[in-house]
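**Student:** Under mature numbering (1 follows the signal peptide of the UniProt record, and there is no 0), residues -25 to -1, 1 to 1248 are what the sequence shown spells out, in order.
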Amino acid sequence: MTIRTLELLACLALLCLFQIIAVSASSRTISGSSSIKTLISYNSLPKSKPHGLIKKTIGKWGTLPSEKKQLLQFRGGEQSDIDDYDSETESDTDSENDYESESEAESDSDSDSDSDGDEERYSRQFYTLGARAHGLVRSSTIIVDGPAQSGLVYEAVKNLALSGVGKIILLTKDKGGEYDISSEDENDEEGDSDRETRRLEDIYYNSKMDDLGSTYRNGAVAECFANHQEDAMDEIDDVEIMVEYVLRLNPSVKIKTMGRNEFLSGISDETEDDDAMDTILGCNSVLLCIDRPLSTQQTLNDACRNLSDSMFYSQKSIPFVSIETAGVYGKAFCDFGDEFHVVDEDGEEPKATLLEDMTISEEEKYDGEVAVLNCIEGERHDVSKGDLIEFQCKNSDSAALKAAECEVVYVKNPTCFTVKFRSKGHSKTVKGEELDALVGAINHDANSFSRIKVPKPLAFLSLRGALASQDSPRKEIFAASDLDKSFDYSRRKAIMSSFASLEEYVRNTDSLPSSSDEDGIEFHRYLDKEGIDNVSQKITSSFAKTAKAKFAPLQAIYGALGAQEALKAATGLYNPIRQFLLYDCDEVLTRVKKSNLESTEESSGMAYIFGKKFVKKFASKKIFVVGSGAIGCEILKNLAAMDVGTMKNKKKMGEVILTDMDTIEKSNLSRQLLFRDGDVGKFKSVAAQEAMKRMNSKVNMNVHTSKVGDDPMGQSVFDDSFWSSGVDIVLNALDNVEARLFIDSQCVANKKALIDAGTLGAKGNVQVVVPKKSESYGSSADPPEPTIPVCTLKNFPYEISHTIQWGRDLFDGLYNRRPSQINEQKESLSTMELSNFARELLAKVGEDVATEMAEELAEDMIFFDPDDDEYASQIKSAALNWALDLATKLYDDAMSNLLKKHPLNSLDDDEKPFWSGARRAPTPLRYREDITSYEQEIINENLTDFIRYAARLRIEAYDSGNRRYEDGLVTTVSTDEAQELLSSSIELKRQSSKAKKPPAINWLKEAKDESSSLKHDLNAVSFEKDDDSNGHVAFVTAASNLRAIAYGITPVDQMETRKVAGKIVPAMITTTAFVSALSCIEFVKLTQKADLNLHRNAFINLALPLFAFTAPLPAEEIDGLDGSSHTIWDIIVVKESKKNNAKGGMTMKQLIRKVVSKSNTSEVKEIAVSNISWGEYMLYANFLHEDDDTLLNTPVQQLLVEAISSGDIEDEDFDSSDGEDSSSPKELNESQLAEIDALKRRSFANLSVLVEDTETGEEAELAPIRLQWWKEQ
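(1) Applying the criterion that 16 or more other CB atoms from any shown protein chain within 10 Å of the CB defines a buried residue, is G1232 buried or exposed?
(2) Are the beta-carbon atoms belonging to D635 and K659 less than 8 angstroms from one another?
(3) Would you call the stretch 646 to 654 and the stretch 598 to 613 touching, i.e. three or more CB-CB distances under 8 angstroms?
(4) Rounded to a whole number of angstroms, what is the C-alpha to C-alpha distance between L1242 and A1156?
(5) Counting along the chain, where does the beta strand (DSSP E) carrying R1241 start and finish?
(6) Quick one: using the 10 Å Cβ neighbour count with 16 as the cut-off for buried, is I906 buried or exposed?
(7) Would you kindly work out how many angstroms separate the C-alpha atoms of S960 and V948, rounded to a whole number?
(8) In terms of residue numbering, what span does the alpha helix (DSSP H) encompassing H679 cover?
(9) Helix, strand or coil, according to DSSP, for F101 in the structure here?
(10) Could you spell out the range, first to last residue, of the alpha helix (DSSP H) harbouring R895?
(11) With a threshold of 7 angstroms on Cβ separation, who are the neighbours of S803 within its own chain once the five nearest residues in sequence on each side are excluded?
(12) Would A541 pass as a contact of I1044 if the rule is Cβ separation under 8 angstroms?
(13) Cutting at 7 angstroms between CB atoms, please list the residues of its own chain near F786, excluding the five before and the five after it.
(14) Can you check whether the CB of L529 is closer than 8 angstroms to the CB of V741?
(15) Give the straight-line distance between the Cα atoms of S292 and F311, rounded to the nearest whole angstrom.
(16) Hey, would you say A854 sits closer than 8 angstroms to I797, going by beta carbons?
(17) Between which two residues does the beta strand (DSSP E) carrying A1078 extend?
(18) Measuring alpha carbon to alpha carbon, tell me which of F435, D508, R426 and D212 ends up nearest S465.
(19) Could you give the DSSP three-state label for T762: helix, strand or coil?
(20) Compare the C-alpha of K626 against each of L611, S595 and Y191 and name the closest.
(21) Is DSSP giving R1237 helix, strand or coil here?
(22) Let's see if you can read the secondary structure: which residues bound the beta strand (DSSP E) around A346?
(23) Out of curiosity, what's the CA-to-CA distance linking I1240 and I763?
(24) Following the continuous alpha helix (DSSP H) through E886, name the residue where it begins and the one where it ends.
(25) Tell me whether the stretch 425 to 445 and the stretch 524 to 539 touch, counting them as touching only if at least three CB pairs, one residue from each stretch, are closer than 8 angstroms.
(26) C766: buried (16+ other C-beta within 10 angstroms of its C-beta) or exposed?
(27) Q647 by DSSP, collapsed to three states: which one?
(28) How far does the beta strand (DSSP E) with Y558 in it extend, from its first residue to its last?
(29) Please go through the same chain and pick out, in chain order, the residues whose beta-carbon is closer than 7 angstroms to the beta-carbon of T950, but skip the five residues on each side of it.
(30) Rank V1224, P1080, D703 and L859 by C-alpha distance to the C-alpha of V317 and give the top, closest one.
(31) If you draw a straight line from the alpha carbon of L729 to that of D1212, how long is it in whole angstroms?
(32) Note the first and the last residue of the continuous alpha helix (DSSP H) segment covering N445.
(33) So E469 is in the alpha helix (DSSP H); what residue range does that whole segment cover?
(34) Use the C-beta contact count for L991: other C-beta atoms within 10 angstroms, 16 or more gives buried, fewer gives exposed.
(35) Using the three-state DSSP reduction, which class does R566 fall into: helix, strand or coil?
(36) Name, in chain order, the residues that DSSP records as bridge partners for M1153.
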């Protein structure tokens, strides 16, 4: 691809962003709105124009490109197509087959892709896809062809609807058959062919063997047709059920139906009304073919590649995706046409790496044409050979840098690589004096560099062409999905041949193969056996035995894959599958015996595959699902389809136990399929139970809203009895490491199986913990999240994340910590002598902190009389002046003082320039109306916003009685009010800025004078990221952007600020559905008691795509004394006797004796206990307590209570002989009381014991000692 083409693609990618802005009815400033419609970062503005207002950018570029031009570009459209395209907005024609939610009955124009309420619904997905791709998703049309009862169809459509595609078109039956492919004249040859195809498709899919489809249908009918008479339920059309279900899932998605023949003739040359089909399909359509025979897939793919010349596509193709499953085997295929462009391969933001310097390479082979780039110490780049990079400079108008592009020549190491420069527009290499000048400009102006993402062209084969080339080593048309299976040619050949043979078998026998040997032999008659070895013939046999049924978790995996590939085709975001992907889980068949499959015909998919005997095991399991968010909802849906927890008889009852303390928010609705708009505000677990009952009423649900962990309520529900006998397998659907580690510890302590799943955008992982065999979740730790050094936050930021975190800390300090500080100190300050208060403050926090605290108290201890007629205006005036003073202090005084301390030409201790590397010299900021530059306009805007929101939040802190509602106090500060204040103090310099600070005691005296009048508490608020009306994100954005501008960092919009400040985890439904399905496959293996090597931990990245599966690691052997060993799964049980209990409990001395007796071996006869600890508390150490009779004769349970009460932890002296009753509630805080209460409810305590061989001096840690308290039976 030429440089000119790259430039064109880059330009149009930029214009794509502007198209999203264009759908907004109003022009807004970047800092004034976080609407998805107007989202654009400062980085996205034209490089020739400084950062500025969106409306000015639009004004300069003129008419924005239409959405169809974007699609033509990344789908390979010619320039003539773009030039000829009429950019007038088109609206869909209404028809009797159009369906809309009543609340969403509105114009179907392409530009109407986002309603005002949608940005919260899609916020987590937006952070994964970005503005450009999200806008294209919202304008896309996905055409779905598949059996309406299919669970795979439901899965894919569910994923598409929750992702917010603009329109879904279901190709449906018209008359006489499952799907309309018939001719009106039933006597002609074409009609005969169509009827044969219809007959083949009807047989090819068996709805009775599709548990997932039945589960979805049950849920949809119960939800959407609850008022229908029971005898009328069977008359409801399956397509109508799906349509209504989609409208409940996401009311903003348009859904239509169309006969397949109408679609095929509409996109071919056979129709005279191309414009009508163009209008219906829209400009961004993809066809998704599901559970169809190979011949049908080929027919549809051919049609997508041979469009009518008169359609706007101009001989281009409709991207085609097909997915299908048969038993435990599945296949996906993608054809995006001959000319498709991937705009962004991974969706990751290129890393900005700090630059140390650049020098001209002295190597002769480069002849002075190459420069060497070095990163600063501690920084690692992410570039590879051939990458283009760009530099972030202090002077954005550097003409030298704008005139050349930089390409990586050779990567020397993670901190150094070589580059060459070419003049933009042609391939001339920059060298000589021109290169010297360029390198000099970079060393003078550049702070950092980052990789430039370049669109990648891809060419796809048609399905017929791919099948013909599948054996060619030159054609890489199989994506790797499982490293153990994907590179086995014979295995691949066996599965591909099996799928091809399945259609031939159905065509010739009018049935799907059964599990009988006779059908297996017949199936192999149609099989292409070339290239299939004897080992792989077992695969074809397994395929034939299971093909009749559908396996719900595998359907969920392919539903996620199909939807994700369709979204890739619609957006150009992420690498598509090229072109086949085969994934199976036939390891679950290892323990399935033929004798278990008797009488399973036409029962259920699970029974057909595994046998009724085994399915009963599923039904009898007690499954604990921790969390009912995105992953939890998907797991619950899969469990319902698998009939897990449905057994209920006198001997045994299966159960699905669910807990989640969170309530439903609108941002959950784009990923959590069990919830609807009307559920917002409900507990997730309660709403999930209601949805589960609709899907499968037989599932026995036990639902809680308690936190699992150190929460007292949670410990009362999930006690020792629950963990020991109330649960069989735990499935984690959690979003934090702390809770995961707690669940893991309980599973290890009680020898319970655990499956943990998590996602981050397009990435996901699954880990299975097998009792007594594998390592646990806590056995290996993820690297800690990188933290920002305090000095970087305070004085030397160089990334936008630094300024956003600073802004978030500023918010917490001003509006949470300081109001709380007033509430805590006002009574003491009003009642104590000033000198005593000051002395106590100094003793508690030290001089520096005490001085700062005194200044804050004086500034915040203000009384406003609510009975004063001027109450509202007094608060507002004080808040505005306070905000103005704060802005001056933060963005003018602080910057000026830092530059006085370290002038621009100063040197550091190593005699190097102080302002170099990661240190950027700040520029003081002031509000200036006399300067009309673009940069100053941005400064003025952000200062205005800072004043507005800082003052507003200050008002709300003082108006604690909510009198604004009673007396009309308005907390909103207008732009005019803020600008008027700024204009009146144009220099933004406080009159007292040059005055010497008064002593701290004066501040305290000032605060004390006000404290006696301040009777009510101030409002202390916590940062809330999802409520735009509260001004929290707006304040942090303005505060962060001002600091960024001061330090030469590119500012960002409110959405990016929300992501960083709110620590939002990007997420999307396809990744969630995929990892949840993998969890359920591992659940099957755990129920089967499969060998460890058959289990799979997984890491996936749907963007690349990457699928990595590995067997869990075995539990690590921990060395003991004299060559002995144990694992985390081993415990030593010590039981307290009834006699011990009668005397107050087992004492420490008795415990030590028991431990010694259980630890002695034939080889090691003399063992001494070195120390005993319980969690973080040390209870006994022989060098401290060997002769401490008081401690040795104290019951262990009492020692645990005393440890909690004293707060003593390991490595600190523990002394139990204080003479005080440390368990007295009067001396304990709430946390300690809760911990003691939880201890007394437990039936045991796990202790860590270190022992010593007294002869050799060798020390070793024993397996955990479980001390079981005696309980009256």
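Glycine residues also receive a C-beta, built at the ideal position from the N, C-alpha and C atoms.
This structure is a prediction, so every number in the text was calculated from the model and none was measured.
**Tutor:** Checking against the coordinates, here is how it stands:
(1) Classification for G1232: exposed.
(2) For D635 and K659, yes; Cβs fall inside 8 angstroms.
(3) They touch, by the three-pair rule.
(4) Straight-line Cα distance between these residues: approximately 18 angstroms.
(5) First-last of the beta strand (DSSP E) with R1241: I1240 to Q1243.
(6) Exposed: under 16 other Cβ atoms inside 10 Å.
(7) Cα to Cα, S960 sits roughly 17 angstroms from V948.
(8) Here H679 belongs to no alpha helix (DSSP H); instead the beta strand (DSSP E) covers M676 to H679.
(9) In the structure shown, the three-state DSSP call for F101 is helix.
(10) In the DSSP assignment, R895 falls outside any alpha helix (DSSP H), carrying neither H nor E.
(11) These residues qualify, in order along the chain: F812.
(12) Cβ distance not < 8 angstroms, so A541 and I1044 don't count as in contact.
(13) Once the five neighbours on either side are set aside, the close Cβ partners of F786 are F998, H1007, F1010 and V1011.
(14) Not a contact, by the Cβ cut-off of 8 angstroms.
(15) One Cα belongs to S292, the other to F311, and the distance between them is close to 7 angstroms.
(16) No, they are not a contact pair.
(17) Per DSSP, A1078 belongs to no beta strand (DSSP E) and is neither H nor E.
(18) It is D508 whose Cα lies nearest to the Cα of S465.
(19) In the structure shown, T762 sits in coil (DSSP, three-state: anything other than H, G, I, E or B).
(20) Ranking the options by Cα distance to K626, first place goes to S595.
(21) The question names Arg, yet the displayed sequence has Leu at residue 1237. Note: L1237 maps to coil in three-state DSSP.
(22) That run of the beta strand (DSSP E) goes A346 to C350.
(23) Near 40 angstroms, if we compare the C-alpha coordinates of I763 and I1240.
(24) Unbroken run through E886: none, as it is neither H nor E.
(25) At 8 angstroms Cβ cutoff, the stretches do not touch.
(26) It is exposed - the Cβ of C766 has fewer than 16 other Cβ atoms within 10 Å.
(27) Three-state DSSP puts Q647 in coil, outside helix and strand.
(28) Boundaries of the beta strand (DSSP E) around Y558: F555 to D559.
(29) Hits under 7 angstroms: T919 and R923.
(30) Selected option, being the one with the closest Cα: P1080.
(31) Spanning the two alpha carbons is a distance of roughly 27 angstroms.
(32) Per the sequence shown, residue 445 should be read as Gln rather than Asn. Unbroken run through Q445: none, as it is neither H nor E.
(33) The sequence given here places Ala at residue 469; Glu does not occur at that position. Taken as a continuous stretch (DSSP letters only), the alpha helix (DSSP H) holding A469 covers Y464 to T484.
(34) According to the sequence as given, residue 991 is His; it is not Leu. Exposed, because fewer than 16 other Cβ atoms sit within 10 Å of the Cβ of H991.
(35) In the structure shown, the three-state DSSP call for R566 is coil.
(36) Looking at the DSSP assignment, M1153 forms a beta bridge with S1148.
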